[in-house]
Amino acid sequence: MSRKTRAIALLSASMMLSAACSTEAETPGADSSAERPLPTEADGAESPQRSEIAFDPCSDIPSTLLGELGYDPGTQDTSKFDPGNYEFRSCMWLSISRQYSLGVMAGNVTFAEEQAKNAAYSTAVDVAGREAIIGNEPAENDTCFVSMRTDFGIVIVTRIDFDLPMEGATPEQRCDGIMAEAEAIEALL
């Protein structure tokens, strides 16, 4: 399987499981809230009341905007993840040059849950006046994400750069250009 095929599969899987627990062991002294899964009714935890998702990346992002950002609308890959206590809707596109993939996911988990899940590897940012975080999951050397607070939960913009080395890419290299993409998506919210 080629690196690009693996990366596309990885992006799709990570987008669907974004709110699920991490499989990495906890580091002593680390903020364990970043590693905890969201509570489920099966755990005996009371599920929080979730809002209806008011943004569908697959239908609310115009093809013209994707083209302006350098992505091919014809490569759209759609998925929906609904384990019962929260929901995610996601779409992914490949860039015209096939160097990048862009994933946009809308979910009804809270921004506080997203911050806690990613606390170990994210930083607070502002996206056109909207509270957000930017980060890189340590196991994904060619990926960057921006998670933005919304009235219904969060919208996550994720980008993979297929030209980055599999190891050793800096966070700056992984996130180069993603804020402009996040700002373009934010304008639609």
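Reading the sequence shown from the start, the letters are residues -19 to -1, 1 to 170 in mature numbering (1 follows the signal peptide of the UniProt record, and there is no 0). For every residue, glycine included, the Cβ atom is placed at its ideal position computed from N, Cα and C.
Item to complete: Given a cut-off of 9 Å, decide if ARG130 and PHE153 are closer than it, judged by their beta-carbon atoms.
Response: The amino acid at residue 153 is misidentified as Phe; the sequence shows Glu. Not a contact, by the Cβ cut-off of 9 Å.
Worksheet item: Do the region 101 to 119 and the region 42 to 59 make contact, defined as three or more Cβ pairs closer than 8 Å?
Response: Put simply, the region 101 to 119 does not touch the region 42 to 59. Fewer than three CB pairs are less than 8 Å apart.
Fill in: Residues near PHE92 by beta carbon distance below 6 Å, same chain, minus five either side
Answer for PHE92: ARG130 and ILE135, listed in chain order.
Worksheet entry | Rounded Cβ spacing between PHE126 and ILE137 (contact assumed at less than 8 Å) | Yes, PHE126 and ILE137 are in contact; Cβ-Cβ is about 6 Å, under 8 Å.
Practice prompt. Taking only the alpha-carbon atoms, compute the straight-line gap between TYR81 and CYS156 and give it to the nearest angstrom.
Written response: Approximately 12 Å between the Cα atoms of the pair.
Item to complete: Closer than 8 Å by C-beta to ASN122: which residues in its own chain qualify, once you throw out the five before and the five after it? Chain order, please.
Response: Excluding positions up to five away in sequence, the list reads LEU145, PRO146, MET147, GLU148, GLY149, ALA150 and ARG155.
Worksheet item: Is SER78 buried or exposed, if buried means 16 or more other CB atoms sit within 10 Å of its CB?
Response: Classification of SER78: exposed, given that the 10 Å Cβ count is below 16.
Fill in: Of the residues ALA100, ILE166, VAL85 and ASP132, the one placed nearest residue 192, counting alpha carbons only
Residue 192 cannot be examined here, being either before or after the span of the chain that is shown, -19 to 170.
Discussion item. So for SER59, helix, strand or coil by DSSP?
Written reply: Just to set this straight, residue 59 is Thr in the shown sequence, not Ser. Note: THR59 maps to strand in three-state DSSP.
Worksheet item: When the Cα atoms are used, what is the spatial distance from residue 215 to ASP41?
Response: Nothing about residue 215 can be read from this structure; the chain reaches only from -19 to 170.
Discussion item. Give me the residue from GLY110, ILE115, ALA87 and VAL108 with the minimum Cα distance to ALA97.
Written reply: For ALA97, the nearest C-alpha among the options comes from ILE115.
Worksheet item: When burial is assigned at 16 or more other CB atoms within 10 Å of the CB, is PRO43 buried or exposed?
Response: It counts as exposed.
Item to complete: Determine the closest residue to GLN30 out of PHE133, CYS72 and SER128, with distance taken between C-alpha atoms.
Response: GLN30 has its Cα closest to that of PHE133, out of PHE133, CYS72 and SER128.
Fill in: First and last residue of the uninterrupted alpha helix (DSSP H) at SER40
Where SER40 is concerned, the enclosing alpha helix (DSSP H) starts and stops at 38 to 41.
Practice prompt. Report the three-state DSSP secondary structure of ALA161 (helix, strand or coil).
Written response: It is helical.
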